[in-house]
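Q: This is the structure, below, for whatever I ask next.
Protein chains in written order, with the numbering used here: chain V, 79 to 574; chain A, 973 to 1295.
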């Protein structure tokens, strides 16, 4: 597989360098990394190790941790772990970012138009661009949402779009959208905390580089949520009450929920804090009930309302959907957005962009073979060792096959699973994901990365420059998920 | 403010305060156990400590006989004992974590660091190797927690609910300490005198250490000297810890804080709860130690504890867990 690194144009096989390497410059450093590479060359291993230790100490003290599903310590409390933080930033030049930003606005706009269409006229199905059964048979399609009007016709107010970079035929780097996360994408708190940490550890770097700021994300988020209330959408005025709904402190992303609520200065509520009366939502406060206008929920659809979805859920609020359908509360993201970020819908997104916006897609999709298509399935089965095969409804890097990294036995096992339920899978060629220099025990070595920018849609579509860079810390691994040994890096959009 | 948030804040402070008081009581027992005393007296000391927290049955079910090592184990590290220092600090930290967004960064980090540091100290067995130093550390983390709270939190409801928790817990703990120690000391003192009159002088010397230990356990030894400029007498110790409004850990001072903070959060609501708190305060304001001792200290303190407990229940129903 062809190597492609963010920092250097040509990557020697298995490059590991030990610090410092001053006097032995790296060959082929890309222009936007030049200043950083020169700075790094002068660091000693001990200096960097001390910085890393400091970072870990601070993260632990501040309690920037995530709970691991299923893992419990002897007291029965959820185990809290740190997400490994890498000191070397991922740098993106401004001109590349500007193009990516345009592509993200275009893509998320089309996805929101698609969601509105699917829950109203269904023009895109009628015109045959997307087969009807792809929608109506989809478990993520919520018939409760048919005909429900949402403010600004926005469904996915907060979208996390996973982007990877890989070389095209001529060896130039191309950004591909790997996945759209339109339900409850997480990770933005790490984007912010990583930046805060980098500025604390290496203030000198920020005086040498013009790094675009990201710390105003909570302001943009609050603006988006407020603009999404019924009253704000209708009259533009008002002072809506916004809350963040969390499943509670044992949820893996609890830190982020608390962090965002605090940064926005709004209440962090659990389902038990809310109740519905006469189709309005209230929270229980020390001074009696208080109306709630906008709920930024970090709870999945299935758990939102026991009256409509899972009857045994205690994480949601009884009657919420009825209040929502009556237009008395805004839920962000809307119910039913999963129908647009399903892996079986992903291949149609470029066509959506053309259908709704009449534009050519700016960001590319990864070529995708669909198990439900007999021709595609034939190809998939014949090329399993070269492909990445994913479960249509899977998430978090589980239930997938990475062909080139799998043993013959694993491939044979997966083939049986696939043949039993071909419609449940898609396959993509194994992209040679770009790598970025990363600290490892032996020095600095290339590790694969991806990028998740967070796109906010209220009255307009906007985002902070950058996103969360995740890094697969295991050598050769392509799985960046924090639940499977992934770490994070600060992401720098470098102004020209 | 969300009722659940107020609930977490209230209990976070209560548990922090309880950890401190547990450390104080263990410390005074540990210090007195270093004095020459009969095996029976030592036994009484450790047993009294368990009685204070109504933990004697739970302890006996687990360990049977009273032994200093087992009591320390039970009261410091046992996660099954909700009043152990580890349990209290864990509960304080869990409550803080549930509302970390409501706390200032400093308050949250203080709670979190206390918890992380506790793990290190217990791991290094500091509570066995150097109990005095360990208890001192627990006390100072509680001081720090209170100081950071008052020094950084916005003076709004969140702060008032935290203060309510602190002082309700303190009123409870000081009353318990007095009750148990008075009972134990009185009987022992009279026993020593009645048993052999010629040992009266020694008995009094020994008694001095006991009373001064009680005072020290609530940081009141120097205060006693300053206020009374006299030898230590049980009646005055009781007066200091019950009725003095200027003694920070007295029942009077604690209840005054409860009343004040309750007024700040209640507005016009919770009339009955405020009335009862106010009445309790009035009785402390206008009470006399002779009267209290005449009716019997134990009876008085038992009734006081019931009323403090009732206040806690009412505060919970009015604000924290409304129906």
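Where is the CB? At the ideal position from N, CA and C, for every residue including glycine.
(1) By a C-beta neighbour count over all protein chains shown, 10 Å radius and 16 as the cutoff for buried, is residue 1122(A) buried or exposed?
(2) At a Cβ threshold of 8 Å, is residue 1084(A) touching chain V?
(3) Going by the CB atoms, is the gap between residue 461(V) and residue 420(V) shorter than 8 Å?
(4) Are residue 117(V) and residue 279(V) touching if we call contact CB-CB under 8 Å?
(5) In chain V, which residues lie less than 7 Å from residue 1237(A) when you measure between Cβ atoms?
(6) Taking beta-carbon pairs under 7 Å, can you tell me which members of the segment 368-400 of chain V lie near chain A?
(7) Can you grab the Cα-Cα spacing for the pair residue 1167(A) / residue 1085(A), in whole Å?
(8) With a threshold of 8 Å between beta-carbons, can residue 340(V) be considered close to chain A, or not?
(9) Does the distance from the C-beta atom of residue 565(V) to that of residue 549(V) stay below 8 Å?
(10) Can you name the residues of chain V whose CB is closer than 8 Å to the CB of residue 1291(A)?
(11) Classify residue 979(A) as helix, strand or coil using the three-state DSSP reduction.
(12) Using a C-beta cutoff of 8 Å, does residue 1288(A) count as contacting chain V?
(13) Compare the C-alpha of residue 1150(A) against each of 1030(A), 1006(A), 1012(A), 1273(A) and name the closest.
(14) Would residue 978(A) pass as a contact of residue 1133(A) if the rule is Cβ separation under 8 Å?
(15) How about residue 85(V) and residue 121(V): are their beta carbons less than 8 Å apart?
(16) Output yes if chain V places a C-beta closer than 8 Å to the C-beta of residue 1312(A); else output no.
(17) Apart from the five residues on each side of it in sequence, which residues of its chain come closer than 8 Å, Cβ to Cβ, to residue 1204(A)?
(18) Skipping 5 residues on each side, what residues in its chain have a beta carbon closer than 6 Å to that of residue 1174(A)?
(19) Among 346(V), 317(V), 342(V), 305(V), whose alpha-carbon lies nearest the alpha-carbon of residue 323(V)?
(20) Can you tell me whether residue 1293(A) is buried or exposed? The criterion is at least 16 other CB atoms within 10 Å of its CB, across all chains shown.
(21) Using a Cβ cut-off of 9 Å, pull out every chain V residue sitting near residue 975(A), in sequence order please.
(22) DSSP state of residue 1256(A), grouped into three classes?
(23) When we look at the beta-carbon of residue 1247(A) and count the other beta-carbons within 10 Å, is it buried (16 or more) or exposed?
(24) Can you tell me whether residue 1153(A) is helix, strand or coil according to DSSP?
(25) Tell me whether residue 330(V), by its Cβ, gets closer than 7 Å to a heavy atom of the ligand MG.
(26) Inspect the CB distances between the segment 513-524 of chain V and the segment 421-433 of chain V and report whether three or more fall short of 8 Å.
(27) What is the C-beta distance between residue 126(V) and residue 97(V), in whole angstroms, given that I count them as a contact (C-beta under 8 Å)?
(28) Does the beta carbon of residue 347(V) sit closer than 8 Å to a beta carbon anywhere in chain A?
(29) Would you say residue 139(V) faces chain A, with C-beta separation under 8 Å as the test?
(30) Over the uninterrupted beta strand (DSSP E) stretch that includes residue 1281(A), give me the two end residues.
(31) How is the alpha helix (DSSP H) around residue 288(V) delimited, first residue to last?
(32) Is the beta carbon of residue 544(V) sitting closer than 8 Å to the one on residue 255(V)?
(33) Kindly say whether residue 178(V), judged by its beta-carbon, lies nearer than 8 Å to any beta-carbon of chain A.
(34) Taking only three categories from DSSP, how would you classify residue 239(V)?
(35) Quick one, which of 361(V), 318(V), 390(V) has its alpha-carbon nearest residue 371(V)'s?
(36) Residues in the same chain with beta-carbon distance under 8 Å from residue 333(V), minus the five sequence neighbours each way, listed in chain order, please.
A: Inspection of the coordinates gives the following:
(1) By the neighbour-count rule (16 or more Cβ atoms within 10 Å), residue 1122(A) is not buried but exposed.
(2) It does: the Cβ of residue 1084(A) has a partner Cβ on chain V nearer than 8 Å.
(3) Between residue 420(V) and residue 461(V), the C-beta spacing is not below 8 Å.
(4) No. Outside cutoff.
(5) Against chain V, the beta carbon of residue 1237(A) has neighbours under 7 Å at 364, listed in chain order.
(6) Taking a C-beta cut-off of 7 Å against chain A, none of the residues of the segment 368-400 of chain V qualify.
(7) Low confidence applies here, because residue 1167(A) scores a pLDDT of 37, under 50, leaving its location unreliable; read the following figure in that light. Looking at the two C-alpha atoms, the distance is approximately 52 Å.
(8) Yes - at least one Cβ of chain A is within 8 Å of the one on residue 340(V).
(9) Yes. Within cutoff.
(10) Neighbours of residue 1291(A) on chain V, chain order: 364.
(11) DSSP places residue 979(A) in helix when its eight states are reduced to three.
(12) Contact with chain V is absent for residue 1288(A), since none of that chain's Cβ atoms lies less than 8 Å from the residue's Cβ.
(13) The candidate whose alpha carbon is nearest that of residue 1150(A) is 1273(A).
(14) Yes.
(15) Their beta carbons are not under 8 Å apart, which means residue 85(V) does not touch residue 121(V) by this criterion.
(16) What the structure shows of chain A is the stretch from 973 to 1295, and residue 1312(A) is not part of that stretch, so it cannot be assessed.
(17) Excluding sequence neighbours, residue 1204(A) sits near 1180, 1183, 1184, 1187, 1196.
(18) Residue confidence for residue 1174(A) is low, a pLDDT of 47 falling below 50, so the modelled location carries little weight and cannot support an answer.
(19) Comparing alpha carbon positions, the residue from 346(V), 317(V), 342(V), 305(V) closest to residue 323(V) is 346(V).
(20) Result: exposed.
(21) What residue 975(A) touches in chain V: 351, 361, 362, 363, 364.
(22) In the three-state reduction of the DSSP assignment, residue 1256(A) falls in the helix class, which pools H, G and I.
(23) It counts as exposed.
(24) Note: residue 1153(A) maps to helix in three-state DSSP.
(25) This structure simply doesn't include the ligand MG, nor any ligand for that matter.
(26) Here the segment 513-524 of chain V does not lie against the segment 421-433 of chain V, with fewer than 3 beta-carbon pairs under 8 Å apart.
(27) Taking a contact as a CB-CB distance under 8 Å, the pair residue 126(V) and residue 97(V) counts as one, their CB atoms being some 6 Å apart.
(28) Judged by the 8 Å Cβ criterion, residue 347(V) is in contact with chain A.
(29) At a cut-off of 8 Å between beta carbons, residue 139(V) contacts chain A.
(30) Note, residue 1281(A): premise wrong, no beta strand (DSSP E); alpha helix (DSSP H) at 1269-1287.
(31) Bounds of any alpha helix (DSSP H) do not take in residue 288(V), whose DSSP letter is neither H nor E.
(32) No, these two residues do not count as a Cβ contact at 8 Å.
(33) No, its Cβ sits nowhere closer than 8 Å to a Cβ of chain A.
(34) Strand, per DSSP.
(35) Measuring C-alpha to C-alpha distances from residue 371(V) to each of 361(V), 318(V), 390(V) identifies 318(V) as the nearest.
(36) Excluding the 5 residues flanking it on each side, residue 333(V) has same chain C-beta neighbours closer than 8 Å at 141, 142, 143, 144, 267, in chain order.
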